[in-house]
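Single-structure report; data block below.
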Amino acid sequence: MAERALSISPPAEIAKSAANDGIRKGWAWFSVAVTFVVALAATGSFTGAAVSNFRIIFSSLLLQAVPLVMMGAFVAAVIGTFVPSSVFTRLGRLPEPLQIPMAAVAGFAFPVCECGSVPVARRLVARGVIPSAAVTFMLAAPILNPIVIASTSIAYRGRDILWPMVLGRIGLGFVAAMAVGWVIGPRRDDFLRRVSTEDLSASGYRDDVAGCGCGDAHDCDGYDEPRWKKFCNSLAGDFTYMGRFLILGAAVAAALQTVVPQSIFGSVADTPIVGILTMMVLAFALSLCSESDAFVAASFVQFGMGPQLAFLVFGPMMDAKLAFLYNATFSKGFLKTVVAVVAVVTVAGTLWIEVLVG
Amino acid sequence: MRTNWSAPRLATGVALATWAATFWFVIADDRVPYYFSARTTWLAAAGAVTLTAACVARLVSARAPRAEPITWKHVRTLVVLVLPAAAIVSLPPAALGSFAAARRSGAPNGTYLSIDGRGPSDGDVSWLDIFELTYSGRLEHLAARAGETSSFTGFVTRSSGDAAGEFRLNRFMISCCPGDAVHIQLRIVGAPPDRLQTDDWVRVTGRIYPIGEEVVVDATKLERVDRPEHPYLDTR
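For the protein sequence lines, the chains are H and C, in the order given.
Yeah, the first sequence ends on 357 if you go by numbering that gives the first Met the number 0, and it's all consecutive.
Yeah, the second sequence ends on 235 if you go by numbering that gives the first Met the number 0, and it's all consecutive.
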């Protein structure tokens, strides 16, 4: 009897803790929503035009990102289901210091932007690739892929800072991605966010991925399903899990674009480090696709080369919608690590390139 | 092996079907130019195909080895996923207007992307010519064309310093989607005072004059038009 009581008690505590966590999250979101509405009202922005503006930005960001997430989910499902474990075992045997630069170089061959690379990195970790290498790949791919390099070249074509911008973006993106990888290190336990049973159900993992046998950080219960079904489970699981955080991120980005006028950033354009930090904040707020952000960066002509480069390096690695995706995917502390490391590398790197180029 | 229909899997299939239908609707209803630039139009088709495939895959794999109950939290998550898609389909398409024009970057001078690397085209001066010359800080190249007649379609805004009979004609240039829109503006003079409202779409024909950091159009003809099928300019 006592044994039974013991076996019942922990799940009850977990359920209570999950409920409290849910209430806290609910209040947090309610507070954010109230703050947003108050901010809109205070700035006189709570008008039909503002709502329409929000809707346009929100819809377009989502319609751009959802196909890319789905493409990433397809790749992730293939990695999770059809690539033999021996491939990852062989990769894991490579010396760890070599895995990080190799992962960054692999980014050249993955032509999707940041939304698509998150589910792929998640699946790579689940299959046994060391987290530092998977994260390096995730952060490098949106900057180093050929489409992004080409769009950056087109955006700055005809300007004397063309090569510093293109090469600076590639170089700093490479270094920042590897730096995050090195800081994270090879730790394997608890790197992926452990999802509560209740959350699994809500996210679709319980129904969609549980039982997939993928080795992911969720409670696989060992369904013996055919491989094609595991593929479908993985695909649908990524859609439901990533989708809701993508929606939250797009909403935050659209709200920021609606509430904050870009002109307020212009006043600090000439201040060296502040200009760089300002463009990093702007990149975070705008949450642009890395394949188009160069055109926007180039339009901020009041800012010099350094701040524009900071915008192009920081944005694809950390923005409002990515913050939600990272938080949903990786363990606590990951977000802070990425922000800190990428910010330091971006500021130091852009200052150095500014001095170098003159 | 005996299997059961899984309610959560079926529900996820419905959510995927909703999103797939949204992409097909955006294509079929010619709304693609409202959300995508010419460079990224392929994403609409990619979204429709991948989501349809994912939906079919989910539905054909919806039988599970054991019963899977659906929870309210799962339902709520799916509702969050489906709501934006439903909003996109049910609300009429809209384009950025005066609100965004007042808040977005519209750098008056300096340098910007080269659309084709040449000066203004040989024909009538177009929005793209003005866009390129304005952002590349080479508006003086337009001086040779001063006094020529051109037509421009855009939406109306007014600035506090505008005299009666003046307004601003605006368009946005997008690279991928309206999220990255950049603003371009002409100053229209010689218009009938107070005939136009903010955000009205008009076609202005008139003589162009580059003056300082802006292009002034002395209107000779002005007509109200419907919002174009392609409300945004893009680099194509």
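Even glycine gets a Cβ: it sits at the ideal position worked out from N, Cα and C.
| So the beta strand (DSSP E) residue 73/C belongs to, where does it begin and stop? | Working through the second sequence from its first residue, we reach residue 73/C at position 74. Careful: residue 73/C lies outside any beta strand (DSSP E), inside the alpha helix (DSSP H) at 71-89.
| Spatially closest choice to residue 19/C from 235/H, 249/H, 244/H and 121/H, by CA coordinates | The residue given as residue 19/C occupies position 20 in the second sequence. If we check each option's Cα against that of residue 19/C, 235/H comes out closest.
| Is any beta-carbon of chain C found at less than 8 Å from that of residue 70/H? | Counted from its first residue, the first sequence places residue 70/H at position 71. By the rule that beta-carbons nearer than 8 Å mark a contact, residue 70/H touches chain C.
| task | Quick one: list the residues of chain H neighbouring residue 18/C, beta-carbon separation under 7 Å, in chain order. | result | Locating residue 18/C in the second sequence gives position 19, counting from the first residue. Proximity of chain H to residue 18/C at the Cβ level (cut-off 7 Å) is accounted for by 65, in chain order.
| request: Note down, in chain order, every chain C residue with its Cβ under 9 Å from the Cβ of residue 73/H. | output: In the first sequence, counting from the first residue as 1, residue 73/H sits at position 74. Those within 9 Å of residue 73/H in chain C are 49, 52 and 53.
| Which residues in the same chain have their Cβ closer than 6 Å to the Cβ of residue 183/H, if we skip the five residues on either side of it in sequence? | Translated into positions along the first sequence, residue 183/H becomes position 184. Annotation for residue 183/H: 130, 131 and 134 place their beta carbon closer than 6 Å to its own, counting only its chain and skipping 5 residues before and after.
| message | Using beta carbons (cut-off 8 Å, strictly below), is residue 160/C in contact with chain H? | response | As a working mapping, residue 160/C is identified with position 161 in the second sequence. Not closer than 8 Å to any Cβ of chain H, the Cβ of residue 160/C fails to qualify, so no.
| Is the CB-CB distance between residue 171/C and residue 156/C below 8 Å? | Against the second sequence, residue 171/C aligns to sequence position 172. Against the second sequence, residue 156/C aligns to sequence position 157. Using a Cβ distance threshold of 8 Å, residue 171/C and residue 156/C do not count as a contacting pair.
| request: Look up residue 8/C in the DSSP assignment and say whether it is helix, strand or coil. | output: Taking the first residue of the second sequence as position 1, residue 8/C is located at position 9. Per DSSP, reduced to three states, the secondary structure at residue 8/C is helical.
| Relative to the C-alpha of residue 53/C, which residue among 66/H, 159/H, 148/H and 58/H is closest? | For the purposes of this step, residue 53/C is taken as the residue at position 54 of the second sequence. The option with the nearest alpha carbon to residue 53/C is 66/H.
| query | Mind checking if residue 288/H is an interface residue toward chain C, Cβ cutoff 8 Å exclusive? | reply | Along the first sequence, read from residue 1 onward, the residue named residue 288/H stands at position 289. It does; some Cβ of chain C falls within 8 Å.
| said: On the DSSP letters alone, give me the boundaries of the alpha helix (DSSP H) that residue 162/C sits inside. | reply: Translated into positions along the second sequence, residue 162/C becomes position 163. Neither: residue 162/C is in no alpha helix (DSSP H) and is coded neither H nor E.
| request: Give me the Cβ distance between residue 309/H and residue 336/H, rounded to the nearest whole Å; I'm assuming they're in contact under 8 Å. | output: Reading the first sequence from its first residue, position 310 is the one you call residue 309/H. Reading the first sequence from its first residue, position 337 is the one you call residue 336/H. Approximately 19 Å separates the beta-carbon atoms of residue 309/H and residue 336/H; this is outside 8 Å, ruling out the contact.
| field | Collapsed DSSP secondary structure at residue 63/C in the structure displayed | value | Walking along the second sequence from the start, residue 63/C turns up at place 64. DSSP places residue 63/C in strand when its eight states are reduced to three.
| field | CB contact flag (residue 103/H, residue 149/H, <8 Å) | value | Stepping through the first sequence from its first residue, residue 103/H is reached at position 104. Stepping through the first sequence from its first residue, residue 149/H is reached at position 150. Result no, Cβ atoms of residue 103/H and residue 149/H do not sit closer than 8 Å.
| task | Can you tell me the Cβ-Cβ gap for residue 246/H and residue 80/C, rounded? I've got them flagged as a contact below 8 Å. | result | Taking the first sequence and counting its residues from 1, one reaches residue 246/H at position 247. Taking the second sequence and counting its residues from 1, one reaches residue 80/C at position 81. Contact flag correct, Cβ pair sits at about 7 Å.
| said: Between 8/C, 4/C and 45/C, which has its C-alpha nearest residue 23/C's C-alpha? | reply: Numbered from 1 along the second sequence, position 24 holds the residue referred to as residue 23/C. If you compare the alpha carbons of 8/C, 4/C and 45/C with that of residue 23/C, the shortest gap goes to 45/C.
| query | Are the segment 53-73 of chain C and the segment 1-10 of chain C touching by the rule of at least three beta carbon pairs closer than 8 Å? | reply | At 8 Å Cβ cutoff, the stretches touch.
| Where DSSP assigns a beta bridge to residue 185/C, which residues make up the other side? | Here the question's residue 185/C lines up with position 186 in the second sequence. Answer is 168/C, bridged to residue 185/C.
| message | Under 8 Å, Cβ to Cβ, is there at least one residue of chain H near residue 57/C? | response | Numbered from 1 along the second sequence, position 58 holds the residue referred to as residue 57/C. It does; some Cβ of chain H falls within 8 Å.
| said: Taking only three categories from DSSP, how would you classify residue 208/C? | reply: As a first step, residue 208/C must be located in the second sequence, where it is residue number 209. Three-state result, residue 208/C: strand.
| task | Please state whether DSSP places residue 207/H in a helix, a strand or coil. | result | In the first sequence, the residue the question calls residue 207/H occupies position 208. A caution first: residue 207/H carries a pLDDT of 37, below 50, which makes its placement in the model too unreliable to give a value.
| field | Whole alpha helix (DSSP H) elements within the segment 234-280 of chain H, 4-residue minimum | value | Within the segment 234-280 of chain H, the alpha helix (DSSP H) runs of at least 4 residues that lie entirely inside it are, in chain order, 262-265.
| message | With a threshold of 8 Å, are at least 3 pairs of Cβ atoms found where one atom belongs to the segment 184-196 of chain C and the other to the segment 215-227 of chain C? | response | The segment 184-196 of chain C vs the segment 215-227 of chain C: in contact.
| Tell me the DSSP bridge mates of residue 218/C? | For the purposes of this step, residue 218/C is taken as residue 219 along the second sequence, with counting starting at 1. According to DSSP, which records beta bridges pairwise, residue 218/C is partnered with 205/C.
| Looking at residue 145/H and residue 107/H, is the spacing between their C-beta atoms short of 8 Å? | For this step, residue 107/H is matched to residue 108 along the first sequence. For this step, residue 145/H is matched to residue 146 along the first sequence. The answer is yes: Cβ separation under 8 Å.
| message | Any beta carbon from chain H within less than 8 Å of residue 156/C's own beta carbon? | response | Locating residue 156/C in the second sequence gives position 157, where the first residue counts as 1. Output row for residue 156/C: interface = no.
| task | Would you kindly check if the distance between the Cβ of residue 172/H and the Cβ of residue 312/H is under 8 Å? | result | Position 313 of the first sequence, counted from the first residue, corresponds to residue 312/H. Position 173 of the first sequence, counted from the first residue, corresponds to residue 172/H. In this structure, residue 312/H lies near residue 172/H, with their beta-carbon atoms less than 8 Å apart.
| message | By the three-class DSSP mapping on this structure, what secondary structure does residue 195/C have? | response | The sequence position of residue 195/C within the second sequence is 196, counting from 1. Three-state DSSP puts residue 195/C in coil, outside helix and strand.
| request: Could you tell me which residues DSSP pairs with residue 223/C in its beta bridges? | output: Here residue 223/C refers to the residue found at position 224 when the second sequence is read from its first residue. Under DSSP, residue 223/C forms a beta bridge with 201/C.
| request: Compute the Euclidean distance between the alpha carbons of residue 301/H and residue 145/C, then round it to the nearest angstrom. | output: Sequence index remark: in the first sequence, residue 301/H carries index 302 (1-based). Sequence index remark: in the second sequence, residue 145/C carries index 146 (1-based). Here the C-alpha atom of residue 301/H lies approximately 27 Å from the C-alpha atom of residue 145/C.
| From residue 88/C to residue 205/C, what does the alpha carbon distance come to, in whole angstroms? | Here residue 88/C corresponds to residue number 89 of the second sequence, with the count starting at 1. Here residue 205/C corresponds to residue number 206 of the second sequence, with the count starting at 1. For residue 88/C and residue 205/C, the distance between alpha carbons rounds to 39 Å.
| field | Cβ of residue 243/H within 8 Å of any chain C Cβ | value | For the purposes of this step, residue 243/H is taken as residue 244 along the first sequence, with counting starting at 1. Yes, contact with chain C.
| field | Unbroken alpha helix (DSSP H) run spanning residue 191/H, endpoints | value | For the purposes of this step, residue 191/H is taken as residue 192 along the first sequence, with counting starting at 1. Neither: residue 191/H is in no alpha helix (DSSP H) and is coded neither H nor E.
| So, is residue 291/H buried or exposed, given that buried needs 16 or more other C-beta atoms within 10 angstroms? | Start at 1 with the first residue of the first sequence, and residue 291/H comes out as number 292. By the 10 Å Cβ count, residue 291/H comes out buried.
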